[in-house]
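**Q** Quick one: structure below, then a few questions.
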Amino acid sequence: MVASSMDVLVALCKRRGFIYPSSSVYGGLAGMYDFGPMGVELKNNLKASWWQSMVYDRDDIEGLDSTILMSRTVLQHSGHESTFTDPLVDCRNCKARMRADFIVNNECIYCKSTDLTEARDFNLMFATTVGPVVNDENRAYLRPETAQGIFMNFKNILDSQAPKIPFGIAQIGKAFRNEITPRNFIFRVREFEQMELEFFVMPGDDEKWHQYWIENRYQWWLDQGLSPDRLHQCDQEKDELAHYSKRTVDFLYDYPHGQDELEGIANRTDYDLGSHTKEQSSLNIQANVKDNTDSTQRLAIKHPDRNEWVVPYVIEPSCGVDRGVLAVLCEAFDEETLANGQIRTVMRLKPHLAPVKFAVIPIAKNNPVIMKCAKSITQKLRSQLGKKVVLENTGNIGKAYRRHDEVGTPFCITVDFDTIAADDATDPGTVTVRDRDSMQQIRVPLEDIERVANELLSGGIEAFAQVK
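Position in the sequence shown counted from 1, then plus 36, gives you this note's numbering.
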């Protein structure tokens, strides 16, 4: 089972500390959300999984963290200032503004009036001013994507790290788009994070590498827990392609609001490096840029076999962290009827994504010996695992289990009277370890709890039955 509606998911996210509306004390800010204690852990775990697969597990990709504020000249030459737009329509009746492609039957999506203006282009970038003087010369933008920061640092990384083509540059960071009609919870928002890779290849090798990254990224999403029944690949039609794209394959996920884009893998050809390089490429758009400020650098490499400069092609897997979090939450959500007729809500998150890895629960919070033992276990696991382990000191085992089912904690450790009643000389005592998905429990010797915890996290839920 997955989340049947966005309302159900939104309610759980707020109740359990995953996601809150931003500035809610003052009525909120449309298209903005804050990630709470559980949400920030899930988000960071998803990013860490991406970074592990992209940077730490490979020899051909380097990491980067570029600035959020970006020079206007960069975004002129990239084409964003002239083309990064959505169609905007005004309703003359209620004065609302909306995206033209969201309108059905020529009706305002708010008041249903048909008295609408003609569509016009609306630039989605947030503009600001650098320095105290407000004029066009000092205009800058909050970056609408992380990709341009990578292209700006192409030569820096080439010179400092000396990578051999093919190679990639990976970045996770904030991006900003002044969406006309933010909607569907955190799916379409104005401030979000992206996980982007720019993988540079020789012209002629681009189609092979494009297919490689399509297959690689699809498998990665399956490893995060998404079902192949709800994750689809779709080639963009020629008239849908961005101006820089030779071919783009989208991964579409079945969200509660419908099938929508999770990630795109684009063959951007030599458009980007060519647009910013000292010497123009076949797809350079310098002629269309009003400010013809030339780049000071040649963003190219020497051909390995011929004594000539080549502008690499770029394969770009790009996904939104927020959309990824939403897909993972939708996929993990489940409700089941227990034998006693009660409904149990459980988030079946993969252990590596779960915000809390272990909850240590003392059966009696007023018993000092039990509390001391529970605190000791918690500190040992925190120190050894380097993960979030919580001491759930509620005094009610049933409520603690339900709470951690709803936040996706894969394993709970209960410290009870059998734990402290044993004779240390002959029997170190045992704790109860509970599996989230099956609700099965096993007794584990206290002295083995750190080893068992490592086995469970490395083997996942499937390892529970094999733990001795």
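Beta carbons are placed, not taken as given, at the ideal position from N, Cα and C, and that holds for glycine.
Predicted model only: the values in this text are computed from it and were never measured.
#1: According to the neighbour-count rule (16 or more other Cβ atoms, all chains shown, within 10 Å of its Cβ), is A198 buried or exposed?
#2: For A368 and V382, I'd like the C-alpha separation in whole angstroms.
#3: Should the region 223-236 be called in touch with the region 198-214, which here means at least 3 C-beta pairs below 8 Å?
#4: For E352, which residues does DSSP report across the bridge?
#5: If we ignore side chains and look at the alpha-carbon of each, how far apart do P340 and P348 end up?
#6: Per DSSP, which residues does E234 bridge with? Please list them.
#7: Could you give the residue range of the beta strand (DSSP E) that holds L267?
#8: With a cut-off of 8 Å, do at least 3 Cβ pairs link the region 66-74 to the region 48-55?
#9: Please classify R128 as buried or exposed, where buried requires at least 16 neighbouring CB atoms within 10 angstroms.
#10: Just confirm the distance between the C-beta atoms of I413 and I449, as a whole number of angstroms; I'd bet it's less than 8 Å.
#11: Could you work out which residue in S263, G99 and R108 is closest to L194 when comparing CA atoms only?
#12: Starting from E98, trace the beta strand (DSSP E) in both directions and tell me its first and last residue.
#13: Taking the runs of the alpha helix (DSSP H) that are 4 residues or longer, which of them lie wholly in the region 355-436?
#14: Determine the direct distance from the alpha carbon of Y177 to that of N142, and round the result to whole angstroms.
#15: Indicate the three-state DSSP secondary structure (helix, strand or coil) for I321 in the structure shown.
#16: Would you check if there are 3 or more beta carbon pairs closer than 8 Å linking the region 439-455 to the region 463-480?
#17: Give me the Cα-Cα distance between T313 and L277, rounded to the nearest whole angstrom.
#18: Starting from S85, trace the alpha helix (DSSP H) both ways and give me its first and last residue.
#19: If you draw a straight line from the C-alpha of D370 to the C-alpha of A39, how long is it?
#20: For P168, is the classification buried or exposed, using 16 other Cβ atoms within 10 angstroms of its Cβ as the cut-off for buried?
#21: Would you kindly work out how many angstroms separate the C-alpha atoms of I139 and M161, rounded to a whole number?
#22: With 16 other CB atoms within 10 Å as the buried threshold, where does K326 fall?
#23: Pull up the distance between the alpha-carbon of M238 and that of Q477, whole angstroms please.
#24: Only counting the same chain, and skipping five residues up and downstream in sequence, which positions put a Cβ closer than 6 Å to that of R156?
#25: Give me the residue from M475, A336, H116 and R472 with the minimum Cα distance to F236.
#26: Give the DSSP bridge partners of V467, in chain order.
#27: Taking 6 Å as the limit between beta carbons, can you name the residues of its chain near H268, skipping five residues before and five after?
#28: Suppose you measure from the CA of E117 to the CA of L111; what does that come to, to the nearest Å?
#29: What separation, rounded to the nearest whole angstrom, lies between the Cα atoms of T164 and Q295?
#30: Between V166 and M106, what straight-line distance do the alpha-carbon atoms span, to the nearest angstrom?
#31: For A136, which residues of its own chain have a beta-carbon under 6 Å away from its beta-carbon, when the five flanking residues on both sides are left out?
#32: Hey, could you find the ends of the beta strand (DSSP E) T284 is sitting in?
#33: Among the candidates S114, C130 and G422, whose CA atom is the shortest distance from the CA of Q184?
#34: How would you label R94, buried or exposed, when you count the other beta carbons within 10 angstroms and need 16 or more for buried?
#35: Express the C-alpha separation of E232 and F190 in angstroms, rounding to a whole number.
#36: Going by other Cβ atoms of all chains shown within 10 Å of its Cβ, with 16 needed for buried, is R283 buried or exposed?
**A** This is what the structure gives:
#1: Per the 10 Å Cβ criterion, exposed.
#2: The alpha-carbon atoms of A368 and V382 are separated by roughly 8 Å.
#3: As far as the Cβ criterion goes, the region 223-236 touches the region 198-214, which means the pair count is three or higher.
#4: E352 is bridged to A302.
#5: Between P340 and P348, the C-alpha separation is close to 12 Å.
#6: Answer by DSSP bridge pairing, in chain order: I205.
#7: For L267, the enclosing beta strand (DSSP E) covers residues L267 to D271.
#8: In short, these stretches touch, since the Cβ pair count reaches three.
#9: By the neighbour-count rule (16 or more Cβ atoms within 10 Å), R128 is not buried but exposed.
#10: The beta-carbon separation of I413 and I449, rounded to 6 Å, stays under the 8 Å limit for a contact.
#11: Here the closest residue by C-alpha is G99.
#12: Residues I97 to L100.
#13: Qualifying alpha helix (DSSP H) stretches, in chain order: 357-368 and 404-421.
#14: Rounded to the nearest angstrom, the two C-alpha atoms are 33 Å apart.
#15: Low per-residue confidence applies at I321: pLDDT is 39, beneath 50, and the placement is therefore not dependable, though the value from the model is reported in the following sentence. Three-state DSSP puts I321 in coil, outside helix and strand.
#16: Taking 8 Å as the limit for Cβ pairs, the verdict is that the region 463-480 does touch the region 439-455.
#17: Distance between the alpha carbons of T313 and L277 is about 23 Å.
#18: P73 to W87 is the extent of the alpha helix (DSSP H) around S85.
#19: C-alpha separation (whole angstroms): 7 Å.
#20: Exposed, since its Cβ has fewer than 16 Cβ neighbours within 10 Å.
#21: If you take the alpha carbons of I139 and M161, they lie about 22 Å apart.
#22: Low confidence applies here, because K326 scores a pLDDT of 40, under 50, leaving its location unreliable and the question unanswered by this model.
#23: Cα to Cα, M238 sits roughly 55 Å from Q477.
#24: Around R156: L124.
#25: Of the candidates M475, A336, H116 and R472, A336 places its Cα closest to the Cα of F236.
#26: V480, per the DSSP bridge assignment.
#27: For H268, where only same-chain residues beyond five positions count, the Cβ hits under 6 Å are L288.
#28: The straight-line gap from Cα to Cα measures roughly 6 Å.
#29: T164 and Q295 have their alpha carbons spaced roughly 35 Å apart.
#30: Rounded to the nearest whole angstrom, the C-alpha separation of V166 and M106 is 10 Å.
#31: Cβ within range, chain order: P123, V125 and A155.
#32: It spans R283 to Y291 - the beta strand (DSSP E) in which T284 sits, taken as one unbroken run.
#33: Ranking S114, C130 and G422 by Cα distance to Q184 puts S114 first.
#34: By the 10 Å Cβ count, R94 comes out exposed.
#35: Each residue's Cα considered, the two are about 14 Å apart.
#36: By the Cβ-count criterion, R283 is buried, with 16 or more other Cβ atoms from all chains shown falling within 10 Å of its own Cβ.
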